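K.L.:
One structure is given below, represented as structure tokens, and several questions about it will come after.
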Amino acid sequence: MEVVKDKGTGQSKGFAFVTMNAESDATKAISMFNAYSLSDHALKVNVAKPKAAFLTGLRVIESNNERPAPPHGGFSFSPAW
């Protein structure tokens, strides 16, 4: 699991990425934990998707070139607050 943190403060941004070994494991985790109540807040759990590239001027720039697309079966979760 990778907890995403602010580069300046080191504080958690409130979400994380988890990689599963099998798609069935990811599907099960999503169904078990999506909308799960944690500290009176509902978790939002879904399949992670890479940020889309966007066009600026004449160049296409990847909006998040630090993280490759998650491997098959990866998902992310975040509190929905």
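Residue 72 is where the sequence shown ends in the numbering used here, and the numbering goes up by one at each step.
Beta carbons: idealized from backbone N, C-alpha and C, even for Gly.
Every value quoted in this text rests on a predicted model; they were computed, and no experiment measured them.
1) On the three-state DSSP scale, how would you describe K(-2)?
2) What residue range is occupied by the uninterrupted beta strand (DSSP E) comprising A33?
3) Leaving out five residues on either side along the sequence, give the residues of the same chain with a beta carbon under 8 Å from the beta carbon of Q2.
4) Is DSSP giving A17 helix, strand or coil here?
5) Pick out whichever of A17, D16, M(-8), F8 has its Cα sitting closest to the Cα of P41.
P.N.:
Working from what's here:
1) coil
2) Run containing A33: 32 to 38, per the beta strand (DSSP E) assignment.
3) K(-4)
4) helix
5) F8
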